[in-house]
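What follows is a single structure, written as structure tokens, with notes after it.
Protein chains in written order, with the numbering used here: chain R, 15 to 312; chain C, 13 to 794; chain X, -11 to 160.
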């Protein structure tokens, strides 16, 4: 299991990356953490002609609290994100999800942007990004654009990133306003650290009266991309997050998912587990909100 | 005074090098001018080969050769590896060719060996070798393979029945005729691969000057590898040496002699350069033998008191495409079905079906876990049908301690009587239940249900024949350095063999573990050797070591008596010397070093040996032990099932085991726990999937699930000790024991947790989606 | 032919300047170019963890990193864990005393993983340890001896100056 030969270019700046991509087009592949790419190369399922290594670019690393939210530069290691107090305090949903991403050794190399770029429909970081309406910055030679995560994913492992574009940062907007916040994250995988079969994420905001003011509910592993279930969110808003509301949520999930069967789980299993996990993450978020003082982060 | 080391948890002599990264595994061997090999393997389960074009591969810089069967033939007396254990039950002889000729019969079968400067280039070139295939229909499922009109695994075959045999005793028809109740079960069992963390590998060196061929190979059985090479290459033993370096786990499939071992040897001779081949993990999934599917149909006849009157049924066993070992695996399964229970009448028929998949040979447990699972499923069934506690049904049927040794009117594959040599099975069950809090479980279960949690408990008893004979060679030698050297034909695959043998030998020769070195798995060190399998080394090699060390001790004392002019009774071993015991009237601590004794016995030209004794200070033993020593025990598992996701968590796991006298408790615990982990995998995780065309589906360690630290519960061990009367140490094997009861106990517990849904489980492994499906079916029924 | 790069790096305290084929994994470089065969390859696709080494103090799967990417890094392999030729690291001692290894093939990855883990988590629970090594496969031990060794080592390390070990210093 040895990789086929390739050209190798170490980029020192984002400009060098975009120039390299512009010159080489689809022949080139960016290598960040390499935790997915390198095994595919070892199996010769991926045979890039040119690797552009972005690991040494300082401008691609760091976690910052901005007015609009938390900005995570694309080449930030997953382990650094896990240790970040900014993420711990401001993005508790992401903080809950990160321990499920691979194992300590892969998080030490794997990057937040790499996971976003790959677009595995069951992956944790894209799911949280979806739940939190993240915005992706893509840069190409002489141009840059910001895209909503919604629509960024086109299908399993397919994104709207052009071959000459590089993801530079991901902005996780923070919820503004009053209310008690709560988050929930759960997944079903075959073993600890495995790819999720189904993963669910929820963030809610509850008023002093206990009524749900805002809700974001998202699922991974039950469709070609992670997605928010707006009908489920609608069913929660304005309720006390009680059993009837959760029944309505379950119906909404049932309608919204379009799971496929694979080696490890049937479509019907995924559908069933999706409903279970959504209920569990909403209950988890509601419990947490009930325990939070108003105005607490997030 | 000599220190006692037998029976102590002494530290392993293997560890320091392993911990420092200084051990030498097969891929750590590097020899100047060595080339590296990669294989071109069949991507098809069944195809005819119309041609092989290596031209593009040979043009690649750094490529030295692309060898096909045609290139190897001039070096071979036969192109087939003839390894099948003898049996009258074969219907077809299906030996593996060293490389495929005009037909490939499984995905992964080697077709050509590419040899290059390094592995990277070899893999580049392997991709450039073009093989022209004509696809043929494949037989994937072993039951379908036996159906009329099924595609044949080999194009020249008329069907896929590789072998068929029956075994039994007693009047089975009468037993079923008088039964109060008869229950039948259809049980599907699957075990996967071995997945030692080190894959296989071989390095061959040929010295044209001396015409010596040395093969380093990560093998459990180097002596059988040597014999196969002798047969195939037509060379004599003196021109060949097979050596095992440190081995990163075996678990069964490394007892097989493989095509690559032979091809690498021929390549080294042909090219005049050392050649290394290291199996990668993807190859391990498709080219190393596995233990896959067995379909059991069984019926049990019981009287009104739930006592078994008779047991009968049939097994269809997935043999794979070739015979890489024999009929041994399903023979073990059928033979061990009665387990620790009294079964007055017994009859099993077993069919081995060829399939277009990599050959099947034993993985740790070797057919025994499937037998234990089947009998334990039947026990649970009887209990459920008759409204008895599961423990009570077993208690009524267990063989009693006073009936030991217990002869079961069956013969092993080698014609040896099956005699359960010792053990107290009822006590094992009783103590395990007590430790696991079985009687208090209903209260725990009730409390959990009130919280909406579903917990269950299950048990399984087992016996496991260990120490398969006929012998293992051990030489014990005191060298002129004063050090004690032990040589054995057994191989060390991680089980602590060197420490175990050093303990047995040191116990008699001074008690200093640090003064003992152990050499394993080298055909130049021992003429005879069988190797590592069937939890056999403590019994076979241990016994030979014990007897040999005793003879060396006796001789050393006699020589010392002569040298010290003191009666033997007054002498004692102490570390690396023998001295006069401290007693009144004697000059204490007058002694002689073992090295001096060895010097004296090495002989001096023209001088007589001291005391008129024979030369040397060594003994070689191959104590014959034909009968197996039966280890036994009980496992109780307590689990929680998430009824919405099907997830299973093992909350508690108690294993009682009895492997006779224990040489090193720490090592025994390690084997028992490690085996249990493998068994948990077989119950809940490990599945080597194939599609209907014989394409393997799970060919990486993300899809094929090995148990990790987070899935493993802490194992609570109980030790019993029923010394085996069959060997002077009273020992039994332990390496495979933990595996055997685990699927039975765990599945029983899962089923128990799901009692409210009327779930009945007839398979192992079982996955969360399958559990959810069973719950749904149960809900629909009720 | 694969292209080559000149790379400087330190391994177990020794500085190297090497010409490295770009496609060579860090694992193959350590094993075959530097002859440090203590780092083992069990799967070459990033699941088994046997090849784990410390890169600048962080545990990394060396089969998933190109050797050229390690330029400028300070690498610790299993050969660099023990303080000297005659002594074992307390973690290695604990592995021996608790039967944390059988065939020893996964051991280098277990040790390097746990060196980092115990540095960052000096008082772990059993569950913490199990999660820490959940990316390291062992087929022999059932993990119990390894978990016990890690917990034991945590106690031993508390009793000594933690800056003494190769990676006992500040977290980078």
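Glycine is no exception: its CB is placed at the ideal position from the N, C-alpha and C atoms.
Contacting residues, own chain, Cβ-Cβ under 8 Å from residue i (five flanking each side not counted)
i: residue 509 (chain C); result: 500, 502, 503, 530, 532, 544, 549 and 553
i: residue 211 (chain R); result: 136, 201, 202, 203, 204, 235, 278, 279, 283, 284 and 287
i: residue 341 (chain C); result: 303, 329, 372, 373, 374, 378 and 379
i: residue 363 (chain C); result: 158, 173, 175, 176, 326, 327, 328 and 329
Contacts that residue i makes with chain C (C-beta to C-beta distance below 7 Å)
i: residue 283 (chain R); result: 781 and 784
i: residue 67 (chain X); result: 32 and 33
Proximity of residue i and residue j at Cβ, strictly below 9 Å
i: residue 708 (chain C); j: residue 37 (chain C); result: no
i: residue 312 (chain C); j: residue 178 (chain C); result: no
i: residue 69 (chain X); j: residue 101 (chain X); result: no
i: residue 98 (chain X); j: residue 48 (chain R); result: no
i: residue 444 (chain C); j: residue 432 (chain C); result: no
i: residue 728 (chain C); j: residue 447 (chain C); result: yes
i: residue 55 (chain R); j: residue 293 (chain C); result: no
Through-space distance from residue j to residue i, alpha-carbon basis
i: residue 153 (chain X); j: residue 144 (chain X); result: With a pLDDT of only 48 at residue 153 (chain X), under 50, the local geometry of the prediction cannot be trusted, and the value read off the model is given with reservation. One C-alpha to the other measures close to 12 Å.
i: residue 250 (chain R); j: residue 187 (chain R); result: 21 Å
i: residue 90 (chain X); j: residue 512 (chain C); result: 13 Å
i: residue 38 (chain R); j: residue 64 (chain R); result: 8 Å
i: residue 789 (chain C); j: residue 771 (chain C); result: 8 Å
i: residue 535 (chain C); j: residue 490 (chain C); result: 20 Å
i: residue 159 (chain X); j: residue 34 (chain C); result: At residue 159 (chain X) the pLDDT is 37, less than 50, meaning the model places this residue with poor confidence; the figure from the coordinates comes in the next sentence. Taking the straight line joining both Cα atoms gives about 27 Å.
i: residue 126 (chain C); j: residue 137 (chain C); result: 7 Å
i: residue 426 (chain C); j: residue 562 (chain C); result: 30 Å
i: residue 229 (chain R); j: residue 299 (chain R); result: 10 Å
Chain X residues whose Cβ lies nearer than 9 Å to that of residue i
i: residue 120 (chain R); result: 34, 48, 49, 52 and 123
i: residue 317 (chain R); result: Because residue 317 (chain R) is not part of the residues shown, which for chain R are 15 to 312, the question remains open.
i: residue 126 (chain R); result: Per Cβ cutoff of 9 Å: no residues; residue 126 (chain R) is ~16 Å from chain X at best.
i: residue 67 (chain R); result: 54, 56 and 57
Neighbourhood of residue i by C-beta distance below 6 Å, restricted to the same chain and skipping five residues each side
i: residue 285 (chain C); result: 45 and 47
i: residue 470 (chain C); result: 649, 757, 760, 761 and 764
i: residue 327 (chain R); result: This structure does not reach residue 327 (chain R), given that chain R is present from 15 up to 312, and the question cannot be answered.
i: residue 253 (chain C); result: 226, 535 and 536
i: residue 587 (chain C); result: 522 and 524
i: residue 453 (chain C); result: 469
i: residue 405 (chain C); result: 318, 391, 394 and 395
i: residue 778 (chain C); result: none
Amino acids of chain R, ordered along the chain, whose beta-carbon sits closer than 7 Å to that of residue i
i: residue 40 (chain X); result: 119
i: residue 702 (chain C); result: Under the 7 Å cutoff, chain R gives no residues; its nearest Cβ is about 11 Å from residue 702 (chain C).
Residue i in three-state terms, based on DSSP
i: residue 131 (chain X); result: coil
i: residue 61 (chain X); result: coil
i: residue 749 (chain C); result: helix
i: residue 438 (chain C); result: helix
i: residue 126 (chain X); result: coil
i: residue 33 (chain R); result: helix
i: residue 44 (chain R); result: strand
i: residue 662 (chain C); result: strand
i: residue 474 (chain C); result: strand
i: residue 485 (chain C); result: coil
i: residue 266 (chain C); result: helix
Where residue i meets chain X, residues with beta-carbon distance less than 7 Å
i: residue 225 (chain R); result: Going along chain X, no residue has its Cβ under 7 Å from residue 225 (chain R), so there is no contact; the nearest lies around 37 Å.
i: residue 507 (chain C); result: 90
i: residue 686 (chain C); result: 90, 128, 129 and 130
Under 9 Å by beta carbon: chain C residues contacting residue i
i: residue 119 (chain X); result: 721 and 722
Proximal residues to residue i (C-beta, below 7 Å), its chain only, five neighbours per side dropped
i: residue 117 (chain X); result: 135, 138 and 139
Proximal residues of chain C, C-beta to C-beta of residue i below 8 Å
i: residue 123 (chain R); result: Near residue 123 (chain R) there are no residues of chain C at all, since even the closest Cβ is about 17 Å away, more than 8 Å.
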